[in-house]
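Residue numbers for the sequence shown follow the numbering used here, beginning at 6 and rising by one. Since the structure comes first, as structure tokens, the remarks are kept for the end.
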Amino acid sequence: MIYRSTRSDLTATPAEAVLAGIAPDGGLYVPEKMEFPTFCAEETVKKDFFGIAAEVLFALFPDFSREEIEKIVRDAYTGKFDAEDLTPTVPVGDKYVLELFRGPTCAFKDVALSVLPHLMGKSREKCQVTDEIVILTATSGDTGKAALQGFQDVEGTKILVFYPNGGVSRVQRAQMVTQRGENTFVSAIEGNFDDAQTGVKAIFGDFAKNGTMKGTGARLSSANSINIGRLAPQIVYYFKAYGDLLRQGRITWGDKVDFVVPTGNFGDILAGYFALLMGLPVGKLVCASNKNNVLCDFIRTGTYDKRREFFKTDSPSMDILVSSNLERLLFLMAEGGAEEVARYMKALSEKGVYLVKPKLLNGICEFFSGYCTDDEGGADAIGRVWRENGYLMDPHTAVAWHCAEQFQREEERDCPVVVLSTASPFKFSAPVLRSIGESADEEEFALLEKLSRLSGLAIPPSLAELSSLPERHSGVIAKSAMADFVLEKVKA
Numbered sequence: 006m007i008y009r010s011t012r013s014d015l016t017a018t019p020a021e022a023v024l025a026g027i028a029p030d031g032g033l034y035v036p037e038k039m040e041f042p043t044f045c046a047e048e049t050v051k052k053d054f055f056g057i058a059a060e061v062l063f064a065l066f067p068d069f070s071r072e073e074i075e076k077i078v079r080d081a082y083t084g085k086f087d088a089e090d091l092t093p094t095v096p097v098g099d100k101y102v103l104e105l106f107r108g109p110t111c112a113f114k115d116v117a118l119s120v121l122p123h124l125m126g127k128s129r130e131k132c133q134v135t136d137e138i139v140i141l142t143a144t145s146g147d148t149g150k151a152a153l154q155g156f157q158d159v160e161g162t163k164i165l166v167f168y169p170n171g172g173v174s175r176v177q178r179a180q181m182v183t184q185r186g187e188n189t190f191v192s193a194i195e196g197n198f199d200d201a202q203t204g205v206k207a208i209f210g211d212f213a214k215n216g217t218m219k220g221t222g223a224r225l226s227s228a229n230s231i232n233i234g235r236l237a238p239q240i241v242y243y244f245k246a247y248g249d250l251l252r253q254g255r256i257t258w259g260d261k262v263d264f265v266v267p268t269g270n271f272g273d274i275l276a277g278y279f280a281l282l283m284g285l286p287v288g289k290l291v292c293a294s295n296k297n298n299v300l301c302d303f304i305r306t307g308t309y310d311k312r313r314e315f316f317k318t319d320s321p322s323m324d325i326l327v328s329s330n331l332e333r334l335l336f337l338m339a340e341g342g343a344e345e346v347a348r349y350m351k352a353l354s355e356k357g358v359y360l361v362k363p364k365l366l367n368g369i370c371e372f373f374s375g376y377c378t379d380d381e382g383g384a385d386a387i388g389r390v391w392r393e394n395g396y397l398m399d400p401h402t403a404v405a406w407h408c409a410e411q412f413q414r415e416e417e418r419d420c421p422v423v424v425l426s427t428a429s430p431f432k433f434s435a436p437v438l439r440s441i442g443e444s445a446d447e448e449e450f451a452l453l454e455k456l457s458r459l460s461g462l463a464i465p466p467s468l469a470e471l472s473s474l475p476e477r478h479s480g481v482i483a484k485s486a487m488a489d490f491v492l493e494k495v496k497a
């Protein structure tokens, strides 16, 4: 299998694509649609999580042996999650919730970022690379900690994480700034997530163009979902959820299942489309947006316009106006391929807006729907689901739940609806407490204990220990200083 850049005719082997993270032309690596791997999906969904992960990853990375993939999966997940079922699908009311927060950092990013360091290490061997790998990561909250945790003290790597100052929850910040590991570096930037993500991409582009890394004995890669090695493991839990519904007797093989996905960078929902291309009977993929509803607007109108007010919300991991992974979907669906995508990306960079062709929009709407809500809608969902079903959601999951209700009212479908739950409610205890009618005036870690008492749920151990850990990474820099920060740490 060959991976192709979304913006030109550049190609890479799977191992090269994982190691690079982003293509030299600024594009993202993806298989062409007609080359997308398929296998016996009906047999795959009958396996356990480990078996599904091995099948999916082997199909997408065929230059790895099956034995290598199976070892990567075992090493990535064994003993890392707090439950025997890593990603359970739980019935709640008339819907299902796919719980993706059972990992070491209590967020869905753990599913992928437990695997990526192992994939990258093996890719390094296959490509005979001896350079140190420097992982650059922009985070809107959850990716940063999961990436830091995954790459902590991994030989031959350094990881640098940038997050928006004041743009993550206090627990998310605490998770990052207390991170252990001699190869981990974290800095807040003065700006929002889009500034951090744009800065990281600019560093990749500048270093590739000007050879800034020459002589340092290092090369750059990424732990964001722009890296195909980060995105691929997320496909696994769509297959797992479908298998769960089969085992629960809710569906028979071939029945469609609708998935509602809270997303800002479009990676989590794109993984569902990849699952569809690989043979899973996916119905509609519902893009659930918060008040930063650029994706919802795009799916409904075909116009992607980042020239809008940026809002800080109770669901900060979705506070994004430039959704990188949408580029991959455009590449897979646009008749003009990479050339057409490059025009869209150039327009977005220079003008802040692009409009896709009607035929392309119609193709997208065949598989995707877009809905949005604000903090009030999310809070209402948290309160109602808690009162009616005794189930507690975080604000990101609540956005998806509220959007799922809109979707069910407006689109006549007879499919089970699975809402992806992307974080533990304990990561956002203040807005969760307010949503269930409680005060949230205490100090952050007192709020964790209060939420535990009221809900009867145990505080995840990795969050409970945060208050006793020293801060190791407390710096704040201007977004213009990101490249200098990287060079300083590379040469350290």
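The beta carbon of each residue, even a glycine, is placed where N, CA and C say it ideally should be.
Checklist entry - If you follow the beta strand (DSSP E) that Leu360 is part of, which residue opens it and which one closes it? => result Counting from one through the sequence shown, the residue named residue 360 turns up at place 355. Note, Leu360: beta strand (DSSP E), Val358 to Leu360.
Checklist entry - Are the C-beta of Ile387 and some C-beta of chain B separated by less than 7 Å? => result Looking for chain B here will not work: only one protein chain is present.
Next on the checklist: Tell me the DSSP secondary structure of Gln100 in three-state form.
Outcome noted: The residue given as residue 100 occupies position 95 in the sequence shown. Residue identity differs from the one stated: residue 100 is Lys in this sequence, not Gln. Reduced to three states, the DSSP call for Lys100 is strand.
Checklist entry - Hey, quick one: how far does the beta strand (DSSP E) through Glu137 stretch, first residue to last? => result Along the sequence shown, one-based indexing puts residue 137 at 132. Start and end: Glu137 to Ala143.
Checklist entry - Leaving out the 5 sequence neighbours to the left and right, which residues in its chain are closer than 7 Å to Ala2 when beta-carbon positions are compared? => result Because the chain here runs from 6 to 497, residue 2 falls outside it and cannot be looked at.
Next on the checklist: Here's the rule I'm using: 16 or more other beta-carbon atoms within 10 Å means buried, otherwise exposed. How should Arg129 be labelled?
Outcome noted: Translated into positions along the sequence shown, residue 129 becomes position 124. Buried is the call here.
Checklist entry - With burial defined as no fewer than 16 other Cβ atoms inside 10 Å of the residue's Cβ, what is the status of Val287: buried or exposed? => result Looking up residue 287 in the sequence shown gives position 282. With 16 or more other Cβ atoms within 10 Å, it is buried.
Checklist entry - Where does Ala292 land, buried or exposed, given buried means 16+ other C-beta within 10 angstroms? => result Along the sequence shown, read from residue 1 onward, the residue named residue 292 stands at position 287. Before going further, note that residue 292 is Cys rather than Ala in the sequence given. It is buried - the Cβ of Cys292 has at least 16 other Cβ atoms within 10 Å.
Item to check | Contacts around Val23, its chain only, beta-carbon distance under 7 Å, and the 5 residues preceding and following it disregarded | outcome: Stepping through the sequence shown from its first residue, residue 23 is reached at position 18. Here the set comprises Leu124, Met125, Ser128, Asn232, Ile233 and Gly234.
Checklist entry - Less than 7 Å separating the beta-carbons of Ser354 and Asn270? => result Residue numbering aside, residue 354 sits at position 349 when the sequence shown is read from its first letter. Residue numbering aside, residue 270 sits at position 265 when the sequence shown is read from its first letter. No. Outside cutoff.
Next on the checklist: Mapping the DSSP letters down to three states, classify Cys292 as helix, strand or coil.
Outcome noted: By 1-based counting over the sequence shown, the position of residue 292 is 287. Note: Cys292 maps to strand in three-state DSSP.
Checklist entry - Which residue from Ile57, Leu15, Leu91 and Asp99 puts its Cα closest to that of Asn394? => result Taking the sequence shown and counting its residues from 1, one reaches residue 394 at position 389. For the residues Ile57, Leu15, Leu91 and Asp99, the minimum Cα distance to Asn394 belongs to Asp99.
Item to check | Lys163 - partner residues in DSSP beta bridges | outcome: Translated into positions along the sequence shown, residue 163 becomes position 158. Val139, per the DSSP bridge assignment.
Checklist entry - What are the uninterrupted segments assigned as alpha helix (DSSP H) that are 4 or more residues long and contained completely in the region 20–79, given in chain order? => result 46–49 and 54–65
Next on the checklist: Taking the straight line between their C-alpha atoms, what separation do you get for Phe372 and Thr268?
Outcome noted: For the purposes of this step, residue 372 is identified with residue 367 of the sequence shown, where counting begins at 1. For the purposes of this step, residue 268 is identified with residue 263 of the sequence shown, where counting begins at 1. Going by the C-alpha atoms only, they are around 16 Å apart.
Next on the checklist: Please state whether the Cβ-Cβ distance between Cys111 and Ser429 is less than 7 Å.
Outcome noted: As a first step, residue 111 must be located in the sequence shown, where it is residue number 106. As a first step, residue 429 must be located in the sequence shown, where it is residue number 424. For Cys111 and Ser429, yes; Cβs fall inside 7 Å.
Checklist entry - From Thr16 to Glu37, what does the alpha carbon distance come to, in whole angstroms? => result The residue labelled residue 16 in the question sits at position 11 within the sequence shown. The residue labelled residue 37 in the question sits at position 32 within the sequence shown. Cα to Cα, the separation comes out at about 11 Å.
Checklist entry - Is Ala483 buried or exposed, if buried means 16 or more other CB atoms sit within 10 Å of its CB? => result If you number the sequence shown from 1, residue 483 lands on position 478. By the neighbour-count rule (16 or more Cβ atoms within 10 Å), Ala483 is not buried but exposed.
Checklist entry - Residues in its own chain within less than 6 Å of Leu337 by CB, not counting five upstream and five downstream? => result What you label residue 337 is simply residue 332 of the sequence shown in a count that begins at 1. Lys38.
Item to check | Leu118, enclosing alpha helix (DSSP H) - first and last residue | outcome: Position 113 of the sequence shown, counted from the first residue, corresponds to residue 118. Its alpha helix (DSSP H) spans residues Lys114 to Leu118.
Checklist entry - Which term fits Ile140, buried or exposed, when burial requires 16 or more other beta carbons within 10 angstroms of its beta carbon? => result Along the sequence shown, read from residue 1 onward, the residue named residue 140 stands at position 135. Ile140 is buried by the Cβ-count criterion.
Checklist entry - If we ignore side chains and look at the alpha-carbon of each, how far apart do Pro93 and Lys163 end up? => result Mapped onto the sequence shown, residue 93 falls at position 88. Mapped onto the sequence shown, residue 163 falls at position 158. So the alpha carbons of these two residues sit roughly 33 Å apart.
Checklist entry - In whole angstroms, what is the alpha-carbon distance linking Phe279 and Glu75? => result For the purposes of this step, residue 279 is taken as residue 274 along the sequence shown, with counting starting at 1. For the purposes of this step, residue 75 is taken as residue 70 along the sequence shown, with counting starting at 1. Roughly 21 Å between the two C-alpha positions.
Checklist entry - Quick one: any contact between the region 474–483 and the region 187–200, if contact means 3 or more CB pairs under 8 Å? => result yes
Checklist entry - Between Gly388 and the rest of its own chain, which residues show a CB-CB distance below 8 Å, the 5 nearest in sequence each way excluded? => result As a first step, residue 388 is located in the sequence shown; it is residue number 383 there, counting from the start. Excluding sequence neighbours, Gly388 sits near Ser440, Ile441 and Gly442.
Item to check | Opening and closing residue of the alpha helix (DSSP H) in which Leu385 lies | outcome: As a working mapping, residue 385 is identified with position 380 in the sequence shown. Leu is not the amino acid found at residue 385; the sequence shown has Asp there. First-last of the alpha helix (DSSP H) with Asp385: Asp380 to Asn394.
Next on the checklist: For a quick check, are the C-beta atoms of Leu103 and Val423 less than 7 Å apart?
Outcome noted: Numbered from its first residue, the sequence shown carries residue 103 at position 98. Numbered from its first residue, the sequence shown carries residue 423 at position 418. A contact, by the Cβ cut-off of 7 Å.
Checklist entry - Since Val266 contacts Ser320 with CB under 8 Å, what's their CB separation in whole angstroms? => result Within the sequence shown, the letter at position 261 stands for residue 266. Within the sequence shown, the letter at position 315 stands for residue 320. With 8 Å as the limit, Val266 and Ser320 do not qualify as a contact, their Cβ atoms being about 13 Å apart.
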